[in-house]
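These notes concern the structure reproduced below.
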Amino acid sequence: MTDSVQEWEVVIGLEVHCELNTASKLFCGCANVFGDEPNTNICPTCLGLPGSLPVVNEAAVTKAMTLGRALGCTVSNSIFARKNYFYPDMPKDYQVTQYEEPTNSDGELALGDGSIVQIERAHIEEDTGKTTHVGGDGRIHGAGHSLVDYNRAGVPLVEIVSRPVIRSARQAKTYVEELRAVVLAIDVSDARMDQGSMRVDANVSVRPVGSDELRTRSEVKNINSLRSLGLAIEYETRRHIDLYEAGESPLQQTRHWDEAAGRTRDGRSKEDADDYRYFAEPDLVPLEPTQAQIAAIDESLPPSPALRRTRLAEAVGVDPADVAIVVMRGQDQLALDAVGIGADGAKTLARIENELAVEDWSAITADALADVVTRETTGKLSATQAKHVIAGLVEAGGTVDEVVATLGIASVDSGELVGMLDALIEQHEDEWARLADGDRKLQGFFVGQIMQLTNGQADGKIVQTLIAERLR
Amino acid sequence: MQLMSERITRDEVAHVADLARLALSSDELDRFTTQLSDVLEHAADVEALDLSDVEPMAHPLPLVNVLRPDAIVRSVDRDAVLAEAPDVEEDQFRVPTILGDQP
Ligand SMILES: [Zn+2]
Numbered sequence: 002m003t004d005s006v007q008e009w010e011v012v013i014g015l016e017v018h019c020e021l022n023t024a025s026k027l028f029c030g031c032a033n034v035f036g037d038e039p040n041t042n043i044c045p046t047c048l049g050l051p052g053s054l055p056v057v058n059e060a061a062v063t064k065a066m067t068l069g070r071a072l073g074c075t076v077s078n079s080i081f082a083r084k085n086y087f088y089p090d091m092p093k094d095y096q097v098t099q100y101e102e103p104t105n106s107d108g109e110l111a112l113g114d115g116s117i118v119q120i121e122r123a124h125i126e127e128d129t130g131k132t133t134h135v136g137g138d139g140r141i142h143g144a145g146h147s148l149v150d151y152n153r154a155g156v157p158l159v160e161i162v163s164r165p166v167i168r169s170a171r172q173a174k175t176y177v178e179e180l181r182a183v184v185l186a187i188d189v190s191d192a193r194m195d196q197g198s199m200r201v202d203a204n205v206s207v208r209p210v211g212s213d214e215l216r217t218r219s220e221v222k223n224i225n226s227l228r229s230l231g232l233a234i235e236y237e238t239r240r241h242i243d244l245y246e247a248g249e250s251p252l253q254q255t256r257h258w259d260e261a262a263g264r265t266r267d268g269r270s271k272e273d274a275d276d277y278r279y280f281a282e283p284d285l286v287p288l289e290p291t292q293a294q295i296a297a298i299d300e301s302l303p304p305s306p307a308l309r310r311t312r313l314a315e316a317v318g319v320d321p322a323d324v325a326i327v328v329m330r331g332q333d334q335l336a337l338d339a340v341g342i343g344a345d346g347a348k349t350l351a352r353i354e355n356e357l358a359v360e361d362w363s364a365i366t367a368d369a370l371a372d373v374v375t376r377e378t379t380g381k382l383s384a385t386q387a388k389h390v391i392a393g394l395v396e397a398g399g400t401v402d403e404v405v406a407t408l409g410i411a412s413v414d415s416g417e418l419v420g421m422l423d424a425l426i427e428q429h430e431d432e433w434a435r436l437a438d439g440d441r442k443l444q445g446f447f448v449g450q451i452m453q454l455t456n457g458q459a460d461g462k463i464v465q466t467l468i469a470e471r472l473r
Numbered sequence: 622m623q624l625m626s627e628r629i630t631r632d633e634v635a636h637v638a639d640l641a642r643l644a645l646s647s648d649e650l651d652r653f654t655t656q657l658s659d660v661l662e663h664a665a666d667v668e669a670l671d672l673s674d675v676e677p678m679a680h681p682l683p684l685v686n687v688l689r690p691d692a693i694v695r696s697v698d699r700d701a702v703l704a705e706a707p708d709v710e711e712d713q714f715r716v717p718t719i720l721g722d723q724p
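Chains as they are written, first to last, in the working numbering: chain P, 2 to 473; chain X, 622 to 724.
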């Protein structure tokens with residue numbers, strides 16, 4: 002082995018499809034609902050019947066522009082185009098999308114890890130119908146047929162296309178998480194990967210470290226979770242490196258993530274953009290938002306997750322990356338309020354991160370949280386007790402005193418413990434003398450006695466400190 | 622050489638026909654190559670004009686922002702639509718096995 006080993010780096014661009022949470026579809030009045038009976042939300046327009054005409058949903062355009070502005074994009078005049086292809090998921094045999102002049106372009110997203118991902122465009126398009134393959138003998142290539150449900154055909158979505166600047170599976174996942182947080186914060190989509198309202202395709206290639214070339218990429222589809230996104234990118238990265246190291250090259254193609262097998266599989270060779278024969282949609286006129294409209298959208302935007310991280314990190318005195326989870330869960334205001342009341346920042350953050358990792362934490366108030374944290378930091382509650390009290394507050398709400406009473410936690414403060422220790426020293430003079438002479442085993446005896454007297458409610462650390470103080 | 626037109630080749634016509642899932646006979650390919658070539662010749666006449674001082678138009682009508690409110694409007698009945706379909710199963714359109722992948 003005299004050859005130096007070639008080091009590779011992965012180059013990732015993501016295409017994230019977000020279905021907009023409008024009441025009706027993009028070009029017709031059919032309901033935009035997930036999970037309805039098949040083909041109940043259909044009409045001549047989304048079925049592509051002759052004589053029907055699309056009319057753009059105003060709310061879809063506003064939501065799309067809101068998403069664009071939240072991602073720092075320039076909002077421009079835009080036109081729709083037909084992307085022609087033959088597949089029964091679109092009854093018209095074309096999908097209406099934006100091609101040459103998208104609504105949103107040139108944005109960026111600041112991630113929790115401190116990195117920034119540039120966004121090329123975020124265009125509006127209609128979703129396709131849902132096809133289900135019914136295999137004749139259960140084999141993919143066996144005889145069979147497909148069933149088509151057009152409820153989803155025409156649902157508005159925004160496709161957010163990042164530039165190929167993502168450098169690891171981990172960063173890709175962080176990017177999608179951040180995008181999801183933004184989308185939820187501005188309420189333009191429910192962004193559920195499990196229901197397909199947020200879908201991610203990953204363009205993956207590799208290149209020698211230090212090079213800035215863009216090599217042949219594969220586009221991985223059918224990724225249904227963040228976990229799969231990471232696994233698919235890692236698998237595809239390895240596959241490309243193996244091909245190059247064997248003296249071969251990957252093909253430019255679409256590949257499918259096979260969740261059960263944990264690998265990607267060959268798909269169709271990627272068609273050239275020319276093959277889609279894009280042309281301006283003659284049934285729709287251009288969108289030309291006014292400056293006033295864009296200004297109103299900017300005005301309506303809530304603080305971005307990046308800004309919220311900085312705000313909380315400054316209040317607590319930690320790095321923004323350390324508060325990413327709390328901000329992602331939307332618990333930053335709770336933390337800020339509790340710290341504002343006077344609770345210790347680091348302890349508040351730790352308790353929220355560890356004890357509020359639950360679906361519904363709405364019952365706990367900032368006052369109660371601040372109270373619990375302060376009782377813990379001043380020794381009135383042990384760490385274990387504090388966790389129990391927080392669990393009780395999440396469960397039933399109320400004040401700390403109420404939860405303490407309900408849980409039967411004796412309020413054991415240091416003063417009471419000092420009294421107990423004094424009494425014990427009197428009762429067990431010999432043992433105390435031996436401990437003072439250096440027989441450390443006897444410390445356990447005294448701690449155990451106090452624990453018995455307090456039904457285990459005393460904080461062991463505090464008891465040890467008290468004993469050490471008396472021995473000095 | 623009528624078949625080897627300058628504007629479009631017979632192979633390009635075959636490719637476009639394939640994308641549109643049209644099965645053309647050899648005679649049809651020849652005929653449509655000539656016809657499409659004539660169409661492109663006409664387009665070239667327009668391209669030859671000096672239009673540098675004409676604003677590009679995305680649409681022939683002077684309209685922008687034609688929008689509708691986000692309201693649900695119930696439309697056709699499912700059974701009436703499915704009754705028109707060549708084949709139906711479980712309230713869905715039944716189609717032959719799809720060859721190739723979804724774009
Ligand atoms: Zn419809």
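Each residue gets a CB set at the ideal place from its N, CA and C atoms; glycine is no exception. Computed from a predicted model, the values in this text were never measured in an experiment.
Look at the Cβ atom of residue i, then the Cβ atom of residue j, and state whether they are nearer than 8 Å.
i: leucine 288(P); j: asparagine 78(P); result: yes
i: alanine 24(P); j: alanine 692(X); result: yes
i: leucine 15(P); j: isoleucine 167(P); result: yes
i: glycine 108(P); j: glutamate 179(P); result: no
i: valine 76(P); j: threonine 41(P); result: no
i: glycine 380(P); j: glycine 346(P); result: no
i: glycine 268(P); j: arginine 256(P); result: yes
i: valine 390(P); j: valine 205(P); result: no
i: leucine 68(P); j: valine 189(P); result: yes
i: isoleucine 342(P); j: alanine 371(P); result: yes
i: phenylalanine 28(P); j: glutamate 127(P); result: yes
i: serine 198(P); j: glutamate 20(P); result: yes
i: leucine 418(P); j: arginine 471(P); result: no
Mind pulling the chain P residues with CB within less than 8 Å of residue i?
i: valine 667(X); result: None at all; the shortest Cβ gap to chain P is about 16 Å.
i: threonine 655(X); result: None at all; the shortest Cβ gap to chain P is about 21 Å.
i: serine 673(X); result: Correct list: empty, because the minimum Cβ distance to chain P is about 20 Å.
i: leucine 643(X); result: Here the premise fails: no neighbours, minimum Cβ distance about 10 Å.
i: leucine 688(X); result: Val56, Val57, Asn58, Glu59, Val62
Determine the chain X residues that contact residue i at a beta-carbon separation under 8 Å, and present them in chain order.
i: cysteine 19(P); result: None at all; the shortest Cβ gap to chain X is about 17 Å.
i: threonine 23(P); result: Asp691
i: asparagine 40(P); result: Arg699, Val702, Leu703, Asp712, Gln713, Phe714
Helix, strand or coil for residue i? Go by DSSP, reduced to three states.
i: valine 156(P); result: coil
i: glutamate 126(P); result: strand
i: methionine 625(X); result: At methionine 625(X), the pLDDT of 45 sits below 50, so the modelled position is not reliable; the number obtained from the coordinates is stated separately. If DSSP states are grouped into helix, strand and coil, methionine 625(X) belongs with coil.
i: isoleucine 120(P); result: strand
i: isoleucine 693(X); result: coil
i: valine 184(P); result: helix
i: isoleucine 167(P); result: strand
i: leucine 467(P); result: helix
i: glycine 115(P); result: coil
i: methionine 678(X); result: coil
i: lysine 222(P); result: strand
i: proline 287(P); result: coil
i: alanine 358(P); result: coil
i: glutamate 38(P); result: coil
i: leucine 21(P); result: coil
i: threonine 265(P); result: strand
i: tyrosine 95(P); result: strand
What residues of chain X sit near residue i, judged by a beta carbon separation below 9 Å?
i: isoleucine 43(P); result: Ser696, Val697, Arg699, Val702
i: histidine 124(P); result: The premise fails here: histidine 124(P) is roughly 15 Å from chain X at the closest Cβ pair, so nothing lies under 9 Å.
i: alanine 281(P); result: Ala679, His680
i: leucine 48(P); result: Val697, Val702
Listing by chain order, which chain P residues have their CB less than 9 Å from the CB of residue i?
i: valine 685(X); result: Asn78, Val286, Pro287, Leu288, Glu289
i: arginine 628(X); result: Neighbours of arginine 628(X) on chain P: none; closest Cβ ~16 Å, over 9 Å.
i: leucine 710(X); result: In the sequence on display, residue 710(X) carries glutamate and not leucine. Chain P residues near glutamate 710(X): Val135, His146, Leu148.
List, in order along the chain, the chain P residues whose C-beta lies closer than 7 Å to that of residue i?
i: valine 716(X); result: Pro89, His146, Ser147, Val149
i: aspartate 632(X); result: Chain P residues near aspartate 632(X): none, gap ~14 Å exceeds 7 Å.
Which chain X residues are close to residue i, counting only those with a beta carbon under 7 Å from its beta carbon?
i: aspartate 276(P); result: Leu640
i: alanine 32(P); result: Ile693
Count Cβ pairs between the region 207-222 of chain P and the region 151-163 of chain P that sit closer than 8 Å; are there 3 or more? no
Under 8 Å: do the region 216-226 of chain P and the region 92-99 of chain P share three or more Cβ pairs, one atom per stretch? no
Are the region 324-337 of chain P and the region 289-298 of chain P touching, with three or more C-beta to C-beta distances below 8 Å? no
Under 8 Å: do the region 679-694 of chain X and the region 59-67 of chain P share three or more Cβ pairs, one atom per stretch? yes
The region 633-652 of chain X touching the region 456-464 of chain P, judged by at least three CB pairs closer than 8 Å: Using a C-beta cut-off of 8 Å, the region 633-652 of chain X makes no contact with the region 456-464 of chain P, since fewer than three inter-stretch Cβ pairs fall below that distance.
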